[in-house]
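When the letters of the sequence shown are read in order and numbered with our numbering, they come out as residues 65 to 614.
Glycine residues also receive a C-beta, built at the ideal position from the N, C-alpha and C atoms.
Step one of this worksheet: look at the structure below.
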Amino acid sequence: MNAAEFPAREAMEFDVVIVGAGPAGLAAAIKLKQIAPETSVVVVEKGSEVGAHILSGAVIDPIGLDRLVPEWRNEEAPVRTEVTSDRFYVLGPSGAVRLPNILLPPLMSNHGNFIVSLGDVCRHLAQKAEALGVEIYPGFAAAELLFEGNAVTGIATGDMGIGKDGHHKAAFARGMELRAKYTLFAEGARGSLSKILIERFGLAQGRQPQKYGIGLKELWQVAPEKFHSGLVQHTMGWPLDNSTGGGSFLYHFGDRLVAVGFVVHLNYQNPYLSPFDEFQRFKTHPLVRDTFSNGKRICYGARALTEGGWQSVPNLAFSGGALIGCAAGFMNVPRIKGSHNAILSGMLAAENVAAALQAGRAHDELASYDAAWRGSPIGRDLWRVRNAKPLWSKLGTLAGLALGGADMWTNTLGFSFLGTLSHGKPDYASLKPAADCRPVAYPKPDGKLTFDRLSSVYLSNTNHEEDQPAHLVVRDTALQKSSEHDVYGGPSARYCPAGVYEWVEEAGNPRYVINAQNCVHCKTCDIKDPNQNINWVPPEGAGGPNYPNM
Ligand SMILES: Cc1cc2nc3c(=O)[nH]c(=O)nc-3n(C[C@H](O)[C@H](O)[C@H](O)COP(=O)(O)OP(=O)(O)OC[C@H]3O[C@@H](n4cnc5c(N)ncnc54)[C@H](O)[C@@H]3O)c2cc1C
Ligand code: SF4
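See below:
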């Protein structure tokens with residue numbers, strides 16, 4: 065049966081459909097119900113439960129929660145560990161230089177912030193949303209946009225029970241059409257539908273290209289003597305060279321938990337670089353390795369994050385809907401924080417949607433939302449740090465750190481000598497041909513402190529129905545061989561944090577193998593493939609990682 069012969073989809077009508085139950089989507093849902101309890105709101109989430117696909121640091125700036133649900137401070141919210149100590153180091157291969165806190169711009173301070181599992185915070189927000197009457201459908205991916213003319217009128221969830229070859233299995237069920245007066249896209253970094261919307265409505269015209277990083281994270285339970293509740297530690301430098309951007313985070317919270325993570329900026333040039341192996345190597349540095357002795361690694365995962373900031377935020381509104389949270393790119397990179405802006409943007413969009421509904425409008429452009437963000441706390445947060453990422457990219461880590469820091473200081477005082485710097489080319493265009501680069505030799509994992517990809521993916525509890533159409537769509541397989549493999553040396557085998565891509569030599573012919581069932585939905589392949597030849601589309605709902613508390 066081809067798609068045209070499928071039975072018709074059932075449809076449901078709502079005032080507002082929200083795609084994604086992260087902090088942005090849940091904040092929008094809660095705010096809508098707070099303003100206008102009679103509004104019908106539904107949230108679809110591709111994870112098997114709320115939080116299953118949420119991966120963050122996370123040290124959160126409570127400005128978002130304070131405005132959305134101020135009562136959280138008197139409740140049993142999963143926001144319990146206040147930051148007590150804040151350290152920033154520049155690493156060399158065996159040493160570390162700590163930058164005194166007094167030198168750091170005040171906006172970098174973590175005083176008053178909290179260390180959390182963002183997944184747990186989302187679960188808590190989901191309960192609040194449901195208590196207000198929001199319908200939440202976990203296990204359903206929004207796979208298709210619905211249009212009437214040029215206006216978005218909702219989404220359709222993916223069909224279930226289709227085999228790899230397109231045949232209908234016994235469990236075949238058509239997706240649902242969820243129609244709405246307004247649809248908010250809260251898919252996080254590199255959302256699959258948001259990407260289509262940005263393209264179709266030309267939302268990024270006149271903006272700098274969006275920039276990205278890949279963030280890899282492990283959760284450890286450490287020995288009691290290694291645990292320092294409330295300690296927040298960031299580094300830049302080793303093991304990355306001066307021309308490769310990125311850094312680490314290490315947060316002590318909860319019951320002897322340490323969240324350790326490593327971000328590599330995706331404008332790196334050497335196709336031999338492996339962000340996963342850089343992360344493993346980072347943990348062996350004398351500054352941090354001792355933290356993990358006699359500890360237990362309990363979870364692993366990875367996720368892309370947006371880094372373009374102020375210059376790269378697209379137009380947020382189009383007929384029938386809007387982008388919110390990291391789907392819009394509201395991450396503050398030097399602070400490594402985006403969840404507060406995700407919440408604030410969800411609230412801002414909700415206020416504008418509520419006003420539009422009250423005025424009897426539907427399916428038009430929420431221009432007032434787009435007009436409002438630059439003058440809001442989100443705009444102020446991103447404006448002051450707008451030159452940090454371009455300076456790191458142009459000058460390298462050390463000089464970029466120094467000048468970026470100085471620029472953040474002057475911006476704090478209300479001015480900048482540099483104006484607004486541009487980002488240059490998109491991340492997929494930054495790789496050099498393999499012939500121009502040196503292979504990187506990574507040490508073998510020891511299985512105690514450092515690990516391989518497969519044993520790591522195991523800890524992400526990733527699960528996909530194996531017999532389903534590919535969700536990693538290689539548009540032109542010949543191009544993948546002639547360019548990705550022959551020119552760039554097959555970087556997908558190294559940038560994918562889950563070992564999904566392999567080039568296997570068969571009788572002298574390289575064959576591209578895609579182990580799609582391991583995919584942790586980080587979206588890096590969609591961003592970094594040098595020819596933009598890989599398209600990430602949602603697999604069957606509920607597939608992907610099952611992060612317990614990342
Ligand atoms: C490694 C790392 C460390 C970070 N550290 C911090 C930190 O310390 N502090 C901080 O404030 N921020 C941090 N951030 C950023 C922060 O996590 C994001 O800014 C925040 O999660 C963005 O929220 P969001 O709701 O926009 O998107 P997300 O949190 O990404 O949530 C999007 C949700 O939408 C769902 N979804 C996506 N597409 C679909 C679809 N088509 N159909 C159905 N559901 C869909 C996803 O499964 C997910 O649940 C970090 C990010 C990373 C990757
Ligand atoms: S296949 Fe792509 S989205 Fe999935 S884990 Fe690998 S790089 Fe990330």
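Could you spell out the range, first to last residue, of the alpha helix (DSSP H) harbouring G468? 461-477
Which residues have a Cβ closer than 6 Å to any heavy atom of ligand 2, listed in chain order? L536, C560, P561, A562, V564, C583, V584, H585, C586, K587, T588, C589, W600
Do G121 and F313 come within 9 Å of each other at the CB atom, strictly closer than that value? yes
So G19 and P612 are in contact, right, with Cβ under 8 Å, and what is the actual spacing, rounded? Because residue 19 is not part of the residues shown, which for the chain are 65 to 614, the question remains open.
Range of the contiguous beta strand (DSSP E) that encloses K95: From DSSP, K95 is part of no beta strand (DSSP E) but of the alpha helix (DSSP H) over 87-99.
The segment 108-124 in contact with the segment 442-452 per 3-pair CB rule at 8 Å: no
Minimum length 3: unbroken beta strand (DSSP E) runs contained in the segment 303-343: 310-317, 321-329
7 Å CB neighbourhood of G279 in its chain, flanking five on each side removed: G325, V327, A366, R367, L369
At a cut-off of 8 Å, is I578 close to ligand 1 when judged by its beta-carbon and the heavy atoms of the ligand? no
Using a threshold of 9 Å, state whether the C-beta atoms of I179 and G318 are closer than that. yes
G309 beta carbon less than 9 Å from that of Y336: no
Cα separation between A75 and T217? 12 Å
Cβ of S256 within 8 Å of any heavy atom in ligand 1? yes
Are L455 and L495 closer than 9 Å when you measure CB to CB? no
By Cβ distance below 8 Å, which residues in the same chain neighbour G294 in space, the five residues on each side in sequence not counted? T145, E146, V147, T148, S149, I179, H316, F317
Since I believe V114 is in contact with P170 (beta carbons under 8 Å), could you give me their beta-carbon distance rounded to a whole number of angstroms? With 8 Å as the limit, P170 and V114 do not qualify as a contact, their Cβ atoms being about 34 Å apart.
Continuous alpha helix (DSSP H) stretch holding E415: start and end: 403-422
Inter-residue Cα distance where the pair is I362 and H292: 18 Å
With respect to the beta strand (DSSP E) encompassing Y576, which residues constitute its N-terminal and C-terminal limits? 573-578
Residues in the same chain with beta-carbon distance under 7 Å from K192, minus the five sequence neighbours each way, listed in chain order, please. I94, V133
First through last residue of the alpha helix (DSSP H) which encompasses H188: 182-195
My guess is that L387 and F249 are in contact by the Cβ rule of under 8 Å, so how many angstroms apart are they, rounded? 5 Å
Measure the C-alpha to C-alpha separation of N138 and K458 and round it to an integer number of angstroms. 46 Å
Tell me which residues share the same chain as S338 and place their Cβ nearer than 8 Å to its Cβ, disregarding the 5 neighbours each side in the sequence. V504, Y506, R558, Y559
Local conformation of L280 per DSSP, three classes: strand
Using only the alpha-carbon positions, how far apart do G239 and E604 sit? 10 Å
According to DSSP, simplified to helix, strand and coil, what is G84? coil
Under the three-state reduction of DSSP, which class applies to V504: helix, strand or coil? coil
By Cβ distance below 6 Å, which residues in the same chain neighbour N475 in space, the five residues on each side in sequence not counted? R448
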